[in-house]
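Taking my numbering, the leading residue of the sequence shown gets 17, the next gets one more, and so forth.
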Amino acid sequence: MPRFPRTSPALRLLGGAALVFGLLPATATAAQADAPSPAAPPEQIDAMQRDLGLTEAEALDLMDAEAQARSTESELRDELGDDFGGAVFDIGTATLTVQVTDADAAGAVRGAGAEPQVVDRGEAGLGAVMDTLDASAGQAGPQVHGWYADTSADTVVITAGAGEGAAAEAFAEAAGVPADAVRVEEEAAAPRPLADIVGGTPYYFEKPDGWYVCSVGFPVEGGYVTAGHCGAAGSTTWQEAPGTTRTGTVAESVFPGQDAAWVRTEPGFAPVPRVSDHSGGTVTVTGSQEAPVGASVCRSGQTTGWHCGTVQAKDQTVNYAEGAVHGLTRTSACAEGGDSGGSWLSGTEAQGVTSGGSGDCTSGGTTYFQPLGPVLSQWDLTLLTG
């Protein structure tokens, strides 16, 4: 299963986003939850039309509907407490379905304007299944690509290579997971890291086998967040390869387990609350409210620019060759080598940073991102917003 920087033939991390904070403005979009979405950059709207089959008006309407869905999900999660079982947004009907583990909670869901779905396990029950599988991740084997919670089906999905479904079933059984708690799905390609060695835009870093390029995620006070596979803690980031202009130092980095890092920038490279649109402009980040499953998301990466898709699942474990990474979000958007670490947005709300995936932006594929919230909280970072 690949990740995304650029060079290893076996693994390719999506790690090539340019980091020139003081020199190149960063642009990303994220929509506010309690108000209509701010004006989106033309490039993002174009990407939504191309990748999601929408008109410009439909794309703008969808962003507004998803902003409301994010707010509704957040409110119901707080109100329902243990009865909250998950949420899924339908991009076709703009309907938010909220899973509940107690039928008596359905009325509150309807009152908030969402559709209730009564389930047995919900997020907590599925989380317990995920924890059991995660504890046995070392025994998964390369045939098993990963696993994630599907709250709408109230089951955990284990993905495996074509013809390798039996290996996934054997893994679940050996882990001690009940057969009725999982569903096995086969897929043609394994996720791979995108970490290509390329010339061009900044944030470069060096490994023993050469130079790599990754994408900046989101600016925070003192630096920016990115993917953990885009450099070990204490390593140096550069404006070019081979490095002559030092731009920062990786302050913290975790990979595998997570795919999270943050870079402390050098004086003269000032973080700003924007993400590049790859057309000479920028988009201002306004917050970090999480989008529900089913919502559209768009990502910005130095290799392939803007691309959009939908959130397919949250809390996925991805079994990369270097080890399992837990808690990733699965999407239908594409990405390629050098896109690793790049920004994911729902409207103008920051969602996470690119980890890895399978496929490419010619044939399409599946891409995973590390959610932003845990990265900010574990290192007490403050997201810059405008």
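Glycine included, every Cβ here is placed at the ideal spot set by N, Cα and C.
Suppose the cutoff is 7 Å on Cβ atoms and the five residues either side in sequence are ignored; what does the same chain contact list for residue i look like?
{"i": "S348", "result": "G325, T326, Q328, T382"}
{"i": "Q418", "result": "Residue 418 is absent from the structure shown; the chain starts at 17 and stops at 402."}
{"i": "G380", "result": "C350"}
{"i": "N335", "result": "M17, A153, A156, V160, H161, G162"}
{"i": "E95", "result": "A124"}
{"i": "E268", "result": "A249, A277, W278, W395"}
Indicate the three-state DSSP secondary structure (helix, strand or coil) for residue i in the structure shown.
{"i": "D275", "result": "coil"}
{"i": "L397", "result": "coil"}
{"i": "G102", "result": "strand"}
{"i": "V125", "result": "helix"}
{"i": "G216", "result": "Confidence at G216 is low in this model, with a pLDDT of 25, below 50, so the placement of that residue should be treated as unreliable; the coordinate-derived value is given next. Three-state DSSP puts G216 in coil, outside helix and strand."}
{"i": "Q328", "result": "strand"}
{"i": "C230", "result": "strand"}
{"i": "P390", "result": "helix"}
{"i": "T382", "result": "strand"}
{"i": "Q305", "result": "coil"}
{"i": "V200", "result": "strand"}
{"i": "E467", "result": "With the chain running from 17 to 402 in the structure shown, residue 467 is simply not present."}
{"i": "G343", "result": "strand"}
{"i": "G244", "result": "helix"}
{"i": "G154", "result": "helix"}
Start and end of the alpha helix (DSSP H) containing residue i?
{"i": "G297", "result": "It is not in any alpha helix (DSSP H) - G297 carries neither H nor E in the DSSP assignment."}
{"i": "E282", "result": "It is not in any alpha helix (DSSP H) - E282 carries neither H nor E in the DSSP assignment."}
{"i": "L96", "result": "72 to 96"}
{"i": "Q367", "result": "That residue, Q367, is in no alpha helix (DSSP H); its beta strand (DSSP E) goes 365 to 376."}
{"i": "E59", "result": "58 to 68"}
Give me the Cβ distance between residue i and residue j, rounded to the nearest whole Å; I'm assuming they're in contact under 8 Å.
{"i": "W227", "j": "Y219", "result": "In fact, because the Cβ distance is near 11 Å, the residues do not count as touching under 8 Å."}
{"i": "G358", "j": "Q318", "result": "7 Å"}
{"i": "V198", "j": "I174", "result": "6 Å"}
{"i": "D354", "j": "V229", "result": "Note on identity: in this sequence residue 354 is Gly, with Asp being the wrong assignment. That belief holds up - the Cβ atoms of G354 and V229 are roughly 5 Å apart, short of 8 Å."}
{"i": "E338", "j": "D376", "result": "Not quite, the Cβ-Cβ distance comes to about 21 Å (not below 8 Å), so this is no contact."}
For residue i, which residues of its own chain have a beta-carbon under 8 Å away from its beta-carbon, when the five flanking residues on both sides are left out?
{"i": "L400", "result": "F234, P235, V236, E237, P287, V288, P289, V301"}
{"i": "L92", "result": "F100, A103, V114, A124, V125, A128, A130"}
{"i": "L392", "result": "V236, V241, S304, T398, L399"}
Could you tell me whether the Cβ atoms of residue i and residue j are closer together than 8 Å?
{"i": "H161", "j": "E189", "result": "no"}
{"i": "A307", "j": "E365", "result": "yes"}
{"i": "P272", "j": "V172", "result": "no"}
{"i": "T281", "j": "G239", "result": "yes"}
{"i": "V299", "j": "W360", "result": "no"}
{"i": "R86", "j": "S362", "result": "yes"}
{"i": "S374", "j": "P194", "result": "no"}
{"i": "E222", "j": "G264", "result": "no"}
{"i": "A183", "j": "T148", "result": "no"}
{"i": "S251", "j": "S356", "result": "no"}
{"i": "A459", "j": "A81", "result": "Here the chain comprises residues numbered 17 to 402, so residue 459 is not present and cannot be evaluated."}
{"i": "V8", "j": "G181", "result": "This structure cannot settle anything about residue 8, because the visible part of the chain is limited to 17 through 402."}
{"i": "R137", "j": "D106", "result": "no"}
Within its chain, find whatever has a CB closer than 6 Å to the CB of residue i; leave out the 5 residues flanking it on each side and keep chain order.
{"i": "Q133", "result": "T113, Q115"}
{"i": "H294", "result": "G321"}
{"i": "S168", "result": "V104"}
{"i": "D118", "result": "D99"}
{"i": "Q332", "result": "G162, Y164, L344, R346"}
{"i": "I61", "result": "E72, A75"}
{"i": "L142", "result": "A165, V172"}
So the beta strand (DSSP E) residue i belongs to, where does it begin and stop?
{"i": "A165", "result": "160 to 166"}
{"i": "V134", "result": "131 to 134"}
{"i": "V266", "result": "262 to 270"}
{"i": "T252", "result": "252 to 254"}
{"i": "T148", "result": "T148 -> not in any beta strand (DSSP E); alpha helix (DSSP H) instead, spanning 138 to 151."}
{"i": "Q115", "result": "111 to 116"}
{"i": "A176", "result": "171 to 177"}
{"i": "G317", "result": "312 to 317"}
{"i": "S292", "result": "290 to 292"}
{"i": "S359", "result": "359 to 362"}
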